[in-house]
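Notes follow the structure.
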Amino acid sequence: MTDFQPIIDNITLQAKKQVDKGQVANYIPEISNVDPNKFGISILDEKAQLYSSGDAKEEFSIQSISKVLSLSMAFSIVGENLWKRVGVEPSGDPFNHLSLLEMENGIPRNPLINAGAIVVCDILISNLKNPKSEFLEYVQSIANDPSINYDEKVAKSEKETGFRNYAAAYLIKSFKNLENDVETVLDFYCYSCSIRMSCEQLVKVFYIFMNRGNCLQNNNYLKLPQVKRINAIMLSCGFYDEAGEFAFEVGLPGKSGVGGGIVALLPNKFCVATWSPGLNKKGNSKLGMSALEKLTTETGLSIF
Ligand code: GLN
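This note's numbering puts the first residue of the sequence shown at 1, with every later residue one more than the last.
So this is what it looks like as structure tokens:
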């Protein structure tokens with residue numbers, strides 16, 4: 001068993017000393033005022049041992065990391081039919097890209113770019129009585145933590161400024177790949193992105209993807225072939241037009257969010273989450289990426 005504590009303490013020390021921490025996302029007003037000096041990291045291993053360092057207990061806006069959770073819930077409800085509505089190819093484009101190349105006949109390239117996640121939200125709305133509360137309960141129950149919640153201010157802030165997401169949704173709607181109206185879908189999409197979690201909470205939720213679909217309490221949420229598919233999509237599409245770079249540097253399936261969080265995992269071994277609000281030019285956490293590169297290089301633990 002690897003003792004991750006000295007490794008992550010050292011990573012935190014180095015991260016806190018870094019001068020160039022990247023740029024905090026400013027296109028969603030409510031998340032632009034986060035302290036760029038925050039850095040946290042947590043690891044949960046296969047024996048359920050939790051290691052944490054830095055600001056690992058502090059909550060932040062998980063943003064696009066939520067796309068994996070909405071995908072997971074929709075996939076467990078509708079099964080393989082999901083792939084009629086959304087593809088599984090990396091887009092090679094930024095997360096908010098709108099080009100028609102990203103969509104063929106209104107089918108977004110994958111569920112982890114905004115366009116794809118908007119379709120996944122539409123599927124959940126069509127299949128749930130109370131999408132917002134049922135999605136939140138799903139996430140809370142995986143983590144066994146009822147304190148996890150939406151951030152109303154962030155959701156509202158994004159609803160008021162997310163014009164590109166409205167444009168994407170209308171484009172998809174024009175191809176008849178949205179069953180519900182754009183307002184309803186975007187409202188749910190913005191709420192799902194606004195969920196707040198700490199690194200410690202994130203590793204508990206993403207434990208299901210490293211532990212064959214089972215959470216820490218051993219309840220099953222996904223079948224093994226479904227876990228395989230979601231991890232494959234995280235590896236090829238989790239970092240937008242930097243997915244190749246993340247595989248090259250880090251070598252783990254994972255997902256980033258513009259709140260500065262990254263979560264990644266090695267199946268059957270460990271799940272890791274980092275938080276540093278400064279982003280690189282591709283919208284992924286700058287220090288989070290280098291922390292994870294150090295972790296997998298030093299320990300030799302990656303899928304490769
Ligand atoms: N809510 C954000 C958006 O739709 C999520 C983007 C992200 O985290 N990459 O733009």
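By construction, the Cβ of each residue, glycine as well, lies at the ideal position given by its N, Cα and C atoms.
Note the first and the last residue of the continuous alpha helix (DSSP H) segment covering residue i.
i, result
"K286", "286 to 299"
"A264", "Where A264 is concerned, there is no enclosing alpha helix (DSSP H), although the beta strand (DSSP E) it sits in stretches over 261 to 266."
"T2", "That residue, T2, is in no alpha helix (DSSP H); it is neither H nor E in DSSP."
"F75", "66 to 78"
"A48", "Premise fails: A48 is in no alpha helix (DSSP H) and is neither H nor E."
"F163", "163 to 174"
Spatial neighbours of residue i within its chain, please: C-beta separation below 8 Å, excluding the five flanking residues on both sides.
i, result
"K17", "none"
"G251", "T296, S302, I303, F304"
"L287", "A15, Q18, K21, G22, F39, T274, S276, G278"
So is the beta-carbon of residue i under 8 Å away from any non-hydrogen atom of ligand 1?
i, result
"S42", "no"
"I262", "no"
"S32", "no"
"Y170", "no"
"I28", "yes"
"R85", "no"
"N96", "yes"
"V185", "no"
"R196", "no"
"Q226", "no"
Report the CB separation of residue i from residue j in whole angstroms; it is logged as a contact under 8 Å.
i, j, result
"Y323", "C121", "For the chain, the structure presents residues 1 to 304; residue 323 sits outside this window and is missing."
"E46", "K269", "6 Å"
"I28", "E158", "5 Å"
"M210", "L265", "4 Å"
"V203", "S53", "That belief does not hold up - the Cβ atoms of V203 and S53 are roughly 12 Å apart, past 8 Å."
"G261", "I65", "5 Å"
Can you give me the Cβ contacts of residue i inside the same chain, cut-off strictly under 7 Å, excluding the 5 residues immediately before and after it?
i, result
"L128", "E134"
"V182", "Y166, A169, Y170, K173"
"Q14", "none"
"Q217", "N144"
What residues in its chain sit with their C-beta under 6 Å from that of residue i, if we drop five residues either side in the sequence?
i, result
"Q63", "C193, G257, V258, G259"
"S69", "The sequence shown places Leu at residue 69, not Ser. Correct list, in chain order: V139."
Could you pull the start and end residues of the beta strand (DSSP E) that residue i belongs to?
i, result
"K255", "254 to 256"
"V272", "270 to 275"
Length at least 4, wholly inside the region 212 to 242: the alpha helix (DSSP H) runs in chain order
224 to 237
What are the complete alpha helix (DSSP H) segments, minimum 4 residues, inside the region 125 to 154?
131 to 143
Fully enclosed by the region 178 to 217, which alpha helix (DSSP H) runs are 4 residues long or longer?
182 to 193, 199 to 210
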